[in-house]
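Protein chains in written order, with my numbering: chain A, 102 to 282; chain B, 8 to 440.
Note that CB positions come from ideal geometry on N, CA and C, so glycine has one too.
Here is the structure we will look at.
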Amino acid sequence: MTLSTKPLSLTVNGHAVGPIAVPEGLMMLDFLHEYLNLTGSRMGCGQGICHACVVVVADEDGSLREMPTCITGAHWFNGKQVQTIEGHASYDGDGNLVGLSPVQQAFIEHFAFQCGYCTPGFVNGATVLIDQLKRKPVPRAELESTIVAALDKHICRCTGYVRYLEAVRDLVLKTPGLVIG
Amino acid sequence: MTRLRALGWMALAVMAGAGIVALLPHVLGTTVVGDDVERPLGENEMQRLAQAGGYVARVADCYACHTVKGGGAWAGGMPFKTPLGTIYSTNISPDKQFGIGTWTRAEFHRAVRDGIGRNGRPLYPAMPYTSYRKMTPEDVDGLYAYFMTRQPVAVENRRNGLPFPFNIREFVAVWNFLNLGHGGFKEDPSRSPVWNRGRYIVDAVAHCGECHTPRNSLMAMETDKYLKGAVIEGLEAPDITKEGLTRMGFDPQSLVRFMKTGLSAQGAAANQMLEVVHFSTQYMRDEDLGAMAAYLFDLDEMPDLASPPPAPAPVPVPAAIASSAQTTYANLCAGCHGPRGRGIPGVVVPLATNASLRLASPRNLIHAVLHGIPAQSFPGRERMQPMPGFADVLDDQAVADLANWLRARWGGQKPAVTAADVAKQRPGAVQTE
């Protein structure tokens, strides 16, 4: 059986990738792991349910969305800006860590992970939520339900939800302009 | 003085009008209920009938409509959004204040089979008395005995949200006069007991036609399009005639399996049909499911062997549509449904044999692509994973291309879906049907 390939070009964590011949129907998770050696996105359920594998995608207007990579073909991301868990922290020219993203920092401060397998998905999900709140702040009274609605689809089998939610709530409240009132 | 007289005449006219309206049910009403039900049932009879009545209640799917999610069993409150307004199902638990605890046997019979409530006022035909009219008195007695032995639940009935003039119940009597059949169920002596039993369940107790038969402008079932399929709350309740079922890929055996489990090669029961499986058909006796299948396939007995109809021949589609759709399928569908549409047993339904692709209407397929399908539980602890909706990922043309390609490839349907068809089914779009 021959694999039919198509050229794929996209931007991953700020770096242009491709054009590169990629088999049609190859899932994005496999592309990230096998072609780019970005193994931080996790294979969980393989059915688009647990959200361990989600990455952040920028729409044309710059707004961010989550996209599962275990059930989404790599070619769906053609031409798109993608951020994986490896793209959140800042590094200097020598590859040394310079700083964590605000979401990562909040998770560290709240020890918001246990085994950590689902954490990349939660970091990406929380990053999308912060972006949405920057564009459309919510009243203080709706913050709790907004966080739950945004992260509810992320599954943590260690059941570490409380600290994940506390970390995100703390970050939202500390970041000016995300909450009204 | 003149004004006073005019007011007096107006008041008189209103009273006369109200009187005429109140008399409508009595003038126009026809009953199939015999006088013998005036005799109350004895305690022993009630106990004996209650057991059989539990089964009848399941076949009739009473629970699905008379129990709101999270509410007390049989306490009503389920909203039905009809084109005329919202109607709420009523409390049929034996509560003496809000339920049917003080109803007599005769009053219950008249409600179920004539559509006339205890106070003599008509019920709204959201209650399928048009079908239950064909139920045997024995089965209605069974229902009565069964409900009277349930736990009373003191929940007040909700006020219907029907605007004037639909809030005047008496006018339903006119509708009944025009649309209600006058007779009960009659067996066809030229057909087998199996066929007749199937027809009795399909037409009377299980009231399949209420959803699967199209309705005319008066909201009455169109008898010349019996079981030919209809749109209910934006989704297609498909054609379940022999032709329709065959077109979807069913044979009698697979139809029985679908009704028993909610799952088959033709896909998984969804939306209202999933509730029917959940509350009703999974509990039905195999011989009754077989009788239904035999009747729907117009057979006098269930065949011994399965005889699935051949898959429809693929229909060619323009290259531009195929190219767009193949890319979408590989990117967004194949991860779960597989590149060849075989699905994952017990997890994801197959598309290559899916009934939704073979229906004349693309409505259900478009709905699933745009809105997704929530996780579903089936009898026997089977589950299907949720399907994500792609309304915010695919534009109208991409969905139309995908639908056309899928239907042509695996459903044998000509590519006729347009972007405008998709737009009508987007979240928030105004439903015109």
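- For P310(B), the first and last residue of its enclosing beta strand (DSSP E): Locating residue 310(B) in the second sequence gives position 303, where the first residue counts as 1. It is not in any beta strand (DSSP E) - P310(B) carries neither H nor E in the DSSP assignment.
- Is there a Cβ from chain B that is less than 8 Å from the Cβ of M128(A)? Indexing the first sequence from 1 puts residue 128(A) at position 27. Using beta-carbon distances, M128(A) counts as an interface residue toward chain B, with a partner under 8 Å.
- Taking Cβ positions only, does E167(A) come closer than 8 Å to chain B? In the first sequence, counting from the first residue as 1, residue 167(A) sits at position 66. By this cut-off, E167(A) is not an interface position.
- Return the CA-CA distance between S246(A) and A407(B), expressed in angstroms with no decimal places. Residue numbering aside, residue 246(A) sits at position 145 when the first sequence is read from its first letter. Residue numbering aside, residue 407(B) sits at position 400 when the second sequence is read from its first letter. Taking the straight line joining both Cα atoms gives about 35 Å.
- Can at least three beta-carbon pairs, one atom from the stretch 230-242 of chain B and one from the stretch 207-219 of chain B, be found at a separation below 8 Å? Short answer: they touch.
- Message: Cβ closer than 8 Å: which chain B residues qualify as neighbours of H176(A)?
- Response: By 1-based counting over the first sequence, the position of residue 176(A) is 75. Chain B residues near H176(A): T334, A337 and N338.
- Query: Between the stretch 311-329 of chain B and chain A, which residues of the former have CB atoms less than 7 Å from a CB of the latter, in chain order?
  - Reply: none
- Within this structure, are the beta carbons of R349(B) and A359(B) separated by less than 8 Å? Translated into positions along the second sequence, residue 349(B) becomes position 342. Translated into positions along the second sequence, residue 359(B) becomes position 352. A contact, by the Cβ cut-off of 8 Å.
- Residues bridged to A117(A) by DSSP? Start at 1 with the first residue of the first sequence, and residue 117(A) comes out as number 16. In DSSP, A117(A) forms a bridge with T112(A).
- Task: For V92(A), count neighbouring Cβ atoms within 10 angstroms of its own Cβ and tell me buried if that reaches 16, exposed if not.
- Result: Outside the modelled stretch of chain A, which goes from 102 to 282, sits residue 92(A), for which no answer is possible.
- Query: At a Cβ threshold of 8 Å, is T276(A) touching chain B?
  - Reply: Taking the first sequence and counting its residues from 1, one reaches residue 276(A) at position 175. Cβ-Cβ to chain B under 8 Å: no for T276(A).
- Option nearest D428(B) by Cα separation, candidates T93(B), R370(B) and Q383(B): Here residue 428(B) refers to the residue found at position 421 when the second sequence is read from its first residue. Selected option, being the one with the closest Cα: R370(B).
- Task: Determine the DSSP secondary structure at V212(B), reduced to helix, strand or coil.
- Result: Counted from its first residue, the second sequence places residue 212(B) at position 205. Reduced to three states, the DSSP call for V212(B) is helix.
- Leaving out the 5 sequence neighbours to the left and right, which residues in its chain are closer than 7 Å to P101(B) when beta-carbon positions are compared? Indexing the second sequence from 1 puts residue 101(B) at position 94. Counting only Cβ-Cβ distances below 7 Å, and skipping sequence neighbours, we find I107, G108, F154, M155, R157 and P159.
- Runs of alpha helix (DSSP H) wholly within the stretch 130-174 of chain B (minimum 4 residues, chain order): 136-139 and 144-155
- Please decide whether E161(A) counts as near chain B, where near means a Cβ-Cβ distance under 8 Å. Stepping through the first sequence from its first residue, residue 161(A) is reached at position 60. Chain B contact via Cβ: absent.
- Query: Which residue comes first and which comes last in the alpha helix (DSSP H) that contains V181(B)?
  - Reply: By one-based count along the second sequence, residue 181(B) stands at place 174. Per DSSP, V181(B) belongs to the alpha helix (DSSP H) from V179 to N186.
- Query: Given a threshold of 16 other Cβ atoms within 10 Å of its Cβ, counted over all protein chains shown, does E494(B) qualify as buried or as exposed?
  - Reply: Missing from the structure shown is residue 494(B); chain B here goes from 8 to 440 and no further.
- Message: Can you check whether the C-beta of C215(B) is within less than 8 Å of a C-beta belonging to chain A?
- Response: Position 208 of the second sequence, counted from the start, is the residue given in the question as residue 215(B). Output row for C215(B): interface = no.
- Task: With a 10 Å radius around its C-beta and 16 neighbouring C-beta atoms as the bar for buried, classify K193(B) as buried or exposed.
- Result: Against the second sequence, residue 193(B) aligns to sequence position 186. Result: exposed.
- Message: Please report the straight-line C-alpha distance between Q148(A) and G342(B), rounded to a whole angstrom.
- Response: Sequence index remark: in the first sequence, residue 148(A) carries index 47 (1-based). Sequence index remark: in the second sequence, residue 342(B) carries index 335 (1-based). Cα to Cα, the separation comes out at about 8 Å.
- Item | Contacting residues, own chain, Cβ-Cβ under 6 Å from T253(B) (five flanking each side not counted) | Sequence index remark: in the second sequence, residue 253(B) carries index 246 (1-based). Here T253(B) has P316 as same chain residues with Cβ atoms under 6 Å from its own Cβ, once five neighbours each way along the sequence are excluded.
- Message: For T439(B), count the other beta carbons within 10 Å of its own beta carbon; 16 or more makes it buried, fewer makes it exposed. Which is it?
- Response: Translated into positions along the second sequence, residue 439(B) becomes position 432. Legend: pLDDT at T439(B) = 49, less than 50; position of this residue unreliable, no value from coordinates given.
- Residue-chain proximity (T247(A), chain B), Cβ-Cβ < 8 Å: Start at 1 with the first residue of the first sequence, and residue 247(A) comes out as number 146. Not closer than 8 Å to any Cβ of chain B, the Cβ of T247(A) fails to qualify, so no.
- Task: With 8 Å as the threshold, decide whether the Cβ of G435(B) is near any Cβ in chain A.
- Result: Position 428 of the second sequence, counted from the start, is the residue given in the question as residue 435(B). Nearest CB-CB separation between G435(B) and chain A: not below the 8 Å threshold.
- Task: Compute the distance between the beta-carbons of T185(A) and G141(A), then report whether it is under 8 Å.
- Result: Within the first sequence, the letter at position 84 stands for residue 185(A). Within the first sequence, the letter at position 40 stands for residue 141(A). In this structure, G141(A) lies closer than 8 Å to T185(A) by Cβ.
- Taking the continuous alpha helix (DSSP H) assigned at G297(B), which residues delimit it? Locating residue 297(B) in the second sequence gives position 290, counting from the first residue. It spans D293 to L303 - the alpha helix (DSSP H) in which G297(B) sits, taken as one unbroken run.
- Item | Residue-chain proximity (P395(B), chain A), Cβ-Cβ < 8 Å | Taking the first residue of the second sequence as position 1, residue 395(B) is located at position 388. Closer than 8 Å to some Cβ of chain A, the Cβ of P395(B) qualifies, so yes.
- Query: For V263(B), which residues does DSSP report across the bridge?
  - Reply: The residue labelled residue 263(B) in the question sits at position 256 within the second sequence. BP columns for V263(B) are empty, so no partner.
- Item | CB contact flag (V269(A), A227(A), <8 Å) | The residue given as residue 269(A) occupies position 168 in the first sequence. The residue given as residue 227(A) occupies position 126 in the first sequence. Yes. Within cutoff.
- Query: Count the other CB atoms within 10 Å of the CB of I328(B); is the residue buried (16 or more) or exposed (fewer)?
  - Reply: The residue given as residue 328(B) occupies position 321 in the second sequence. It is buried - the Cβ of I328(B) has at least 16 other Cβ atoms within 10 Å.
- Message: Using a Cβ-Cβ cutoff of less than 6 Å, which residues in the same chain neighbour L5(B) once the five nearest sequence positions on both sides are dropped?
- Response: In the structure as shown, chain B starts at 8 and stops at 440, and residue 5(B) therefore has no counterpart that could be examined.
- Run down chain A in chain order and give the residues with a C-beta less than 9 Å from the C-beta of V354(B). Mapped onto the second sequence, residue 354(B) falls at position 347. Neighbours of V354(B) across chain A, judged by C-beta separation under 9 Å: Q148.
- Query: Can you tell me where the beta strand (DSSP E) with K88(B) in it begins and where it stops?
  - Reply: Here the question's residue 88(B) lines up with position 81 in the second sequence. Run containing K88(B): P86 to T89, per the beta strand (DSSP E) assignment.
- Query: Ordered along the chain, which non-local residues of its own chain (more than five positions away) have a Cβ less than 7 Å from that of R166(A)?
  - Reply: Here the question's residue 166(A) lines up with position 65 in the first sequence. Excluding its 5 nearest sequence neighbours in each direction, R166(A) has C-beta neighbours in its own chain below 7 Å: V158, D160 and V229, listed in chain order.
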